[in-house]
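The block underneath contains the structure these notes are about, expressed in structure tokens.
In our numbering, the protein residues as written are 0 to 184.
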């Protein structure tokens, strides 16, 4: 996409494959030319400047986070009726955040530093043994998922399932990429 071509930005859709592949030129254009843009395909507004986003997030009475699930997942919702922390307004958001706060506190994360370093070392040793490898698939994706799974108390033999479920949920706007078995899971 040519960043100087205004037509390239006319039909901005954050869920389109082109935008998902490389969103940064779109973000730059939105911040400079359309800091608040209505997206008819999502029946929502894109707000692109930090101060504006911060102001919106601080006022759940006027700007609710709840429509995020419908926007992200469309007709496919992996857990109908579930309350997602990222898309919950107070008091639900506060209650859910309270459940995980301890696991993500600065002190607790600092205590995990040695374990995370050892885990990184194990991933690197595995990668070193391979002639070729997929960095994202071998390191960048499984490392944080395994750390977060441990932080949330998921048993190690369930980490592969946890990662699969996480991938299915975060497929969100790309639910078409999931096969029937993944949707069923």
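Ideal Cβ placement from N, Cα and C applies to all residues, glycine included.
Quick one: measure Cβ to Cβ for residue i and residue j, integer angstroms, because I've assumed they're closer than 8 Å.
{"i": "residue 146", "j": "residue 115", "result": "6 Å"}
{"i": "residue 63", "j": "residue 88", "result": "5 Å"}
{"i": "residue 161", "j": "residue 144", "result": "7 Å"}
{"i": "residue 51", "j": "residue 34", "result": "6 Å"}
Hey, quick one: how far does the alpha helix (DSSP H) through residue i stretch, first residue to last?
{"i": "residue 45", "result": "Counting along the chain, residue 45 falls outside any alpha helix (DSSP H), though it belongs to the beta strand (DSSP E) covering 43–46."}
{"i": "residue 114", "result": "112–128"}
{"i": "residue 29", "result": "23–32"}
{"i": "residue 99", "result": "91–99"}
{"i": "residue 18", "result": "16–20"}
{"i": "residue 157", "result": "No alpha helix (DSSP H) holds residue 157; DSSP gives it neither H nor E."}
{"i": "residue 56", "result": "49–56"}
{"i": "residue 13", "result": "Counting along the chain, residue 13 falls outside any alpha helix (DSSP H), and DSSP gives it neither H nor E."}
{"i": "residue 142", "result": "141–150"}
Can you grab the Cα-Cα spacing for the pair residue i / residue j, in whole Å?
{"i": "residue 8", "j": "residue 16", "result": "14 Å"}
{"i": "residue 54", "j": "residue 128", "result": "49 Å"}
{"i": "residue 157", "j": "residue 163", "result": "10 Å"}
{"i": "residue 132", "j": "residue 47", "result": "36 Å"}
{"i": "residue 117", "j": "residue 148", "result": "16 Å"}
{"i": "residue 137", "j": "residue 126", "result": "7 Å"}
{"i": "residue 95", "j": "residue 84", "result": "6 Å"}
{"i": "residue 112", "j": "residue 167", "result": "28 Å"}
{"i": "residue 124", "j": "residue 14", "result": "36 Å"}
{"i": "residue 107", "j": "residue 134", "result": "28 Å"}
{"i": "residue 97", "j": "residue 104", "result": "11 Å"}
{"i": "residue 159", "j": "residue 43", "result": "35 Å"}
{"i": "residue 22", "j": "residue 10", "result": "13 Å"}
{"i": "residue 39", "j": "residue 26", "result": "18 Å"}
{"i": "residue 82", "j": "residue 130", "result": "44 Å"}
{"i": "residue 139", "j": "residue 120", "result": "13 Å"}
{"i": "residue 41", "j": "residue 93", "result": "27 Å"}
{"i": "residue 61", "j": "residue 45", "result": "15 Å"}
{"i": "residue 20", "j": "residue 36", "result": "20 Å"}
{"i": "residue 28", "j": "residue 109", "result": "38 Å"}
{"i": "residue 58", "j": "residue 99", "result": "23 Å"}
{"i": "residue 12", "j": "residue 155", "result": "38 Å"}
How far does the beta strand (DSSP E) with residue i in it reach, from first residue to last?
{"i": "residue 37", "result": "35–38"}
Can you check which of these residues, the options, is closest to residue i by C-alpha distance?
{"i": "residue 141", "options": "165, 35, 41", "result": "165"}
{"i": "residue 101", "options": "18, 10, 151", "result": "151"}
{"i": "residue 31", "options": "49, 93, 20", "result": "49"}
{"i": "residue 56", "options": "86, 37, 12, 36", "result": "86"}
Compute every distance between the C-beta of residue i and the non-hydrogen atoms of the ligand NAP, then say whether any falls below 8 Å.
{"i": "residue 30", "result": "Of ligands this structure carries none, so the ligand NAP is not represented either."}
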